[in-house]
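If you're matching them up, the sequences are chains U and F in order. Read the first sequence against my numbering and you will find it ends at 129, with the numbers running on by one and no gaps. Read the second sequence against my numbering and you will find it ends at 221, with the numbers running on by one and no gaps. Just so it is clear, CB atoms sit at the ideal spot from N, CA and C, and this is done for glycine as well. Source: prediction; values computed, not measured. First comes the structure, then the notes that go with it.
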Amino acid sequence: ETGVTQSPTHLIKTRGQQVTLRCSSQSGHNTVSWYQQALGQGPQFIFQYYREEENGRGNFPPRFSGLQFPNYSSELNVNALELDDSALYLCASSRTRNSPLHFGNGTRLTVT
Amino acid sequence: KNEVEQSPQNLTAQEGEFITINCSYSVGISALHWLQQHPGGGIVSLFMLSSGKKKHGRLIATINIQEKHSSLHITASHPRDSAVYICAVSRARDSNYQLIWGAGTKLIIKP
């Protein structure tokens with residue numbers, strides 16, 4: 018199995034801009050979730066996708082949106098960036114909704 | 111009170127020591143996860159368990175459902191084990207993604 022890869026690894030954006038983060042899941046993994054981890058804190062669940070449909074959402078505003086594609090890749094889009102959006106963004110995939118999770122190394126987003 | 115509590119918050123030990131990290135939770139769960147996060151940021155899933163005990167190499171994870179408690183043990187610790195160890199649970203009604211995360215235990219193993 019190939020691992021979960023995220024791109025880019027680091028990104029700097031300006032407040033008000035939009036950003037797209039990408040995640041390539043392992044083959045056969047139908048579910049993907051995204052997490053936000055602020056410095057020194059634990060990850061916060063943003064949302065999960067199952068077979069290209071959003072299937073659960075944490076306490077994040079609508080300007081956080083996502084897509085999942087048939088080729089097991091997915092995107093996290095954030096509009097109208099705010100300074101507090103600076104964080105490590107992690108994606109995790111699994112074969113089913115209740116299988117062990119496989120995490121990517123994350124994208125570190127800095128909003129200035 | 112947090113739904114998932116870990117102890118200790120920080121742990122420094124000498125190479126070769128036996129390490130125990132504890133996790134207590136207060137909600138009904140379908141599974142408990144132990145994860146490892148290195149300074150670079152990536153998270154590795156070590157164990158997912160809902161009962162009993164699992165072993166992988168020098169790592170052992172146990173869970174007591176009645177007491178709502180889990181432990182992660184590292185035998186013959188090594189400096190490369192230095193990382194943050196996180197306990198997370200998925201509530202009984204949720205899928206594995208909607209995890210409740212502990213605050214993590216920062217482990218440093220000195221040579």
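Q. Trp211/F touches chain U at which residues, Cβ-Cβ below 7 Å?
A. Gly59 and Pro60
Q. Any idea which residues DSSP pairs Val49/U with across the strands?
A. Tyr66/U and Ser110/U
(Q) Looking at the secondary structure, which residues open and close the beta strand (DSSP E) in which Gln146/F lies? (A) Ile139 to Gln147
Q) Out of Gln61/U, Ser24/U and Cys40/U, which has the shortest C-alpha to C-alpha gap to Ser91/U? A) Cys40/U
Q) Excluding five sequence neighbours on each side, which residues of the same chain lie with their C-beta closer than 7 Å to the C-beta of Pro221/F? A) Glu125 and Pro189
(Q) Report the start-end ranges of each beta strand (DSSP E) in the segment 111–190 of chain F that is 3 residues or longer and not cut off at the edges. (A) 114–117, 120–124, 129–135, 139–147, 153–159, 162–166, 169–174 and 179–184
Q) If you count every other CB in all the chains shown that lies within 10 Å of the CB of Leu107/U, and 16 or more means buried, which is it? A) buried
Q.
For Gln146/F and Pro79/U, what's the separation of their Cα atoms in angstroms?
A. 30 Å
Q: Measure from the alpha carbon of Thr185/F to the alpha carbon of each residue in His148/F, Leu142/F, Pro149/F and Ile219/F, then state which is nearest.
A: Ile219/F
Q | Limits of the unbroken beta strand (DSSP E) element including Leu28/U | A | His27 to Lys30
**Q.** Where the segment 77–105 of chain U meets chain F: residues whose CB sits under 9 Å from a CB there
**A.** Leu105
Q. Any idea which residues DSSP pairs Gly83/U with across the strands?
A. Leu93/U
Q: Give the DSSP-derived three-state secondary structure of Leu209/F in the structure shown.
A: strand
Q: Go ahead and pull the three-state DSSP assignment for Leu38/U.
A: strand
Q) Cα separation between Glu18/U and Val36/U? A) Its pLDDT being 46, under 50, Glu18/U is placed unreliably by the model, and nothing is read from it.
Q: Spatial neighbours of Ser82/U within its chain, please: CB distance less than 6 Å, with the 5 preceding and 5 following residues excluded, ordered by chain position.
A: Asn94
Q. In three-state terms, what does DSSP make of Leu217/F?
A. strand
Q) What separation, rounded to the nearest whole angstrom, lies between the Cα atoms of Thr22/U and Leu217/F? A) 26 Å
Q | For Gln23/U, the residue or residues it bridges with in DSSP | A | Cys40/U
Q. In this structure, does DSSP put Leu100/U in helix, strand or coil?
A. helix
Q: Just confirm the distance between the C-beta atoms of Lys30/U and Leu118/U, as a whole number of angstroms; I'd bet it's less than 8 Å.
A: That belief does not hold up - the Cβ atoms of Lys30/U and Leu118/U are roughly 27 Å apart, past 8 Å.
Q) How would you write the range of the beta strand (DSSP E) that Ser192/F sits in, first residue to last? A) Counting along the chain, Ser192/F falls outside any beta strand (DSSP E), and DSSP gives it neither H nor E.
Q.
Comparing C-alpha positions only, which one of Ile153/F, Leu182/F, Ile173/F and Glu113/F sits nearest to Gln53/U?
A. Ile153/F
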